[in-house]
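Q: Residue numbers (the numbering used here), protein chains in the order written: chain F, 1 to 267; chain B, 1001 to 1267.
Beta carbons: idealized from backbone N, C-alpha and C, even for Gly.
Below: one structure in structure tokens.
Number of protein chains: 2
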Amino acid sequence: MGFEFDRDSEVVDNGASTYSAQLSGGWLIGGGLNGGYQLAVIANALRAASPDRPDPVVMSAHFMAAATEGEATIHTRMLREGGRLATLSAELIQNDTHCVSATATYGDAAAMSTDVATMAGPPDIPPVDACLSAELAPPGLRSAAPMLERLDLRLDPSYAGWARDQPSRSGVIQGWLRFADRREPDTRSLLFAVDALPPVTFDLGLPGWAPTIQLTAHVRAIPEPGWLLVRHATRNVAGGMFEEDCDIWDSSRRLVAQSRQLARLPR
Amino acid sequence: MGFEFDRDSEVVDNGASTYSAQLSGGWLIGGGLNGGYQLAVIANALRAASPDRPDPVVMSAHFMAAATEGEATIHTRMLREGGRLATLSAELIQNDTHCVSATATYGDAAAMSTDVATMAGPPDIPPVDACLSAELAPPGLRSAAPMLERLDLRLDPSYAGWARDQPSRSGVIQGWLRFADRREPDTRSLLFAVDALPPVTFDLGLPGWAPTIQLTAHVRAIPEPGWLLVRHATRNVAGGMFEEDCDIWDSSRRLVAQSRQLARLPR
């Protein structure tokens, strides 16, 4: 039933604040399951554990071991609730390995103040039809990334030269994103969207996947239906690691999510 | 003995991966203990729990309740270690209240790769002697912030107009920072420094302290001795919350730390 993203991120309540999930190989990328997909699964467990405050406001996650296709268990714990926010922790365990440790503050996005005084504006980018579909990616890249089949991703050609060995070396990747089956975005899917594009290191001429060490995402509004505009940029590449910031604007041009991750440089 | 920062952030090993600390009122600001000070205390517990990997690489923290002067307990847990990194969690508990939940990835900063390919450069700022000392802050502000006595903080006058009710409304605060007693910076004190300046909301014409909901800090290098150049900026003010990014450059003009926090707007 329903959309791929929802079907593949379902959790089953096992009682005692513990949930199980069947992680789907459809979200593999570069040999491991996409980190944002794992956050979306964790978010289903946390939403079940926090029914009165169903939306992620901020989630921080440390990725300690690669998760792969198959069963996983998510242990949740309510750390503190009161007022408009609740803070919970979650551990994603697979085959006795602690893969992800996440902590999240949840709230009710529909009840948040509607004031907006944001200074940031969306980046300049060509319209969807003038951007490059991921279907044009090199076959080697696509076969290593079944997740791409689940997305309709249109990359800004200014920062997609890496696909023909001409990276811009700006440390930027940006594009339009939606699910291939037209599932509309919501607060939970934004946790996936902040980690869905190729790593900005592609644009620095460093092919290869970049394992996330830690990622923190802020979800700042319920996104409007339609395309998301996703921009990734890095400013600090050093010591074998790089920081990658992500901004996401919805179809109303509102900045609905921001994230920052620390990742290892590809070898 | 020693410096104020070290003396006030000491922990005592109580066994069973649990530590106690005497939180000092010297780091109060706006009625609560500074969040960065709490991270520095937690970092002492984590360093004791991770002797082979003594430096924070990335720490994420959710602030759930205000901590105040007095005894606190830090429970630590090793989540995963192996290779060059270890990931640990810590809970700071005071009077049976869970104040802070932190997770951190630790490593050995001295053993990290020495490559640097950072694109970011330090911001333009007048020299130290042309900046404004926090000693010039309004008496009402200073009395609410005993922490300022422990710092030598020189604010860029371009973004300090709020002290005379003329905020620049840029959403920026930047300045030179060192400890008043000349304790030199290290990887642990950077966790304090990312949260030491007044909130950027001062520069937006919003006086009042802004409680941090969540903060993630990346520590990217061992800082050189001398002044730190600290820049805070916000781009997204909405829904009663704002994001605040911090960059810290050391005296060699290297970008040694970055952080992002989500905080509540002052009422």
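Do you know how far the Cα of Val1128 of chain B is from the Cα of Leu1153 of chain B?
A: Answer to the nearest angstrom: the Cα atoms are 9 Å apart.
Q: For Gln1214 of chain B and chain F, any beta-carbon pair shorter than 8 Å?
A: So yes, Gln1214 of chain B belongs to the interface.
Q: From which residue to which residue does the alpha helix (DSSP H) around Ala1043 of chain B run?
A: It spans 1035-1049 - the alpha helix (DSSP H) in which Ala1043 of chain B sits, taken as one unbroken run.
Q: Answer yes or no: do Arg254 of chain F and Pro123 of chain F have a C-beta to C-beta separation smaller than 8 Å?
A: Not closer than 8 Å, so no.
Q: When you compare the CB positions of Val1057 of chain B and Thr1105 of chain B, do they come within less than 8 Å of one another, or not?
A: Contact: yes.
Q: Taking Cβ positions only, does Val237 of chain F come closer than 8 Å to chain B?
A: True, the Cβ-Cβ gap to chain B drops below 8 Å.
Q: DSSP three-state label for Thr1073 of chain B, please.
A: The answer is strand: DSSP assigns Thr1073 of chain B an E or B state.
Q: Comparing alpha-carbon positions, which option in B:Asp1203, B:Leu1228, B:Arg1053 lies nearest Ala1180 of chain B?
A: It is B:Leu1228 whose Cα lies nearest to the Cα of Ala1180 of chain B.
Q: Which residues in the same chain have their Cβ closer than 6 Å to the Cβ of Gln261 of chain F, if we skip the five residues on either side of it in sequence?
A: The residues are Thr212, Leu215, Glu244.
Q: Could you spell out where the beta strand (DSSP E) holding Leu1229 of chain B opens and where it closes?
A: Leu1229 of chain B -> beta strand (DSSP E) spans 1228-1233.
Q: Go through its chain and collect everything with a Cβ distance to Met1241 of chain B's Cβ below 8 Å, but skip five positions before and after it.
A: Closer than 8 Å at the Cβ level, and outside the excluded window around Met1241 of chain B, lie Ile1213, Leu1262, Ala1263, Arg1264, Leu1265.
Q: List, in chain order, every chain F residue whose beta-carbon is nearer than 9 Å to that of Asp1115 of chain B.
A: Simply Val237, Ala238, Gly239, Gly240, Leu265.
Q: Pick out whichever of B:Ser1101, B:Ala1160, B:Gly1121, B:Met1147 has its Cα sitting closest to the Cα of Ala1130 of chain B.
A: Measuring from the Cα of Ala1130 of chain B, the nearest candidate turns out to be B:Ala1160.
Q: Output the boundary residues of the beta strand (DSSP E) element that contains Ala1111 of chain B.
A: No beta strand (DSSP E) holds Ala1111 of chain B; DSSP gives it neither H nor E.
Q: Spatial neighbours of Leu132 of chain F within its chain, please: C-beta separation below 7 Å, excluding the five flanking residues on both sides.
A: Contacts found: Arg154, Leu155, Pro157, Ala160.
Q: State the CB to CB distance for the pair Gln62 of chain F and Ser101 of chain F, rounded to an integer number of angstroms; the pair is presumed to be in contact (CB under 8 Å).
A: One detail in the question is off: residue 62 of chain F reads as His in this sequence, not Gln. With 8 Å as the limit, His62 of chain F and Ser101 of chain F qualify as a contact, their Cβ atoms being about 5 Å apart.
Q: Going by Cα to Cα distance, which pick from F:Leu39, F:Pro139, F:Ala163, F:Ala48 is closest to His218 of chain F?
A: The residue with the shortest Cα to Cα distance from His218 of chain F is F:Leu39.
Q: With a threshold of 8 Å between beta carbons, is Gly2 of chain F in contact with chain B?
A: Cβ-Cβ to chain B under 8 Å: no for Gly2 of chain F.
Q: Would you report the Cα separation of Phe1005 of chain B and Arg1183 of chain B, rounded to the nearest angstrom?
A: Rounded to whole angstroms, Phe1005 of chain B to Arg1183 of chain B spans 8 Å at the Cα level.
Q: Which residues in chain B sit within 8 Å of Glu224 of chain F, going by Cβ to Cβ distance?
A: Within 8 Å Cβ-Cβ: nothing; Glu224 of chain F doesn't reach chain B, min ~14 Å.
Q: Anyone know if the C-beta pair for Asp186 of chain F and Gly1239 of chain B falls short of 8 Å?
A: Against a cut-off of 8 Å, the Cβ pair of Gly1239 of chain B and Asp186 of chain F comes out as no contact.
Q: Taking CB distances under 8 Å as the criterion, tell me whether Thr1073 of chain B reaches chain F.
A: So, not an interface residue.
Q: Let's see if you can read the secondary structure: which residues bound the alpha helix (DSSP H) around Asp8 of chain F?
A: First-last of the alpha helix (DSSP H) with Asp8 of chain F: 4-8.
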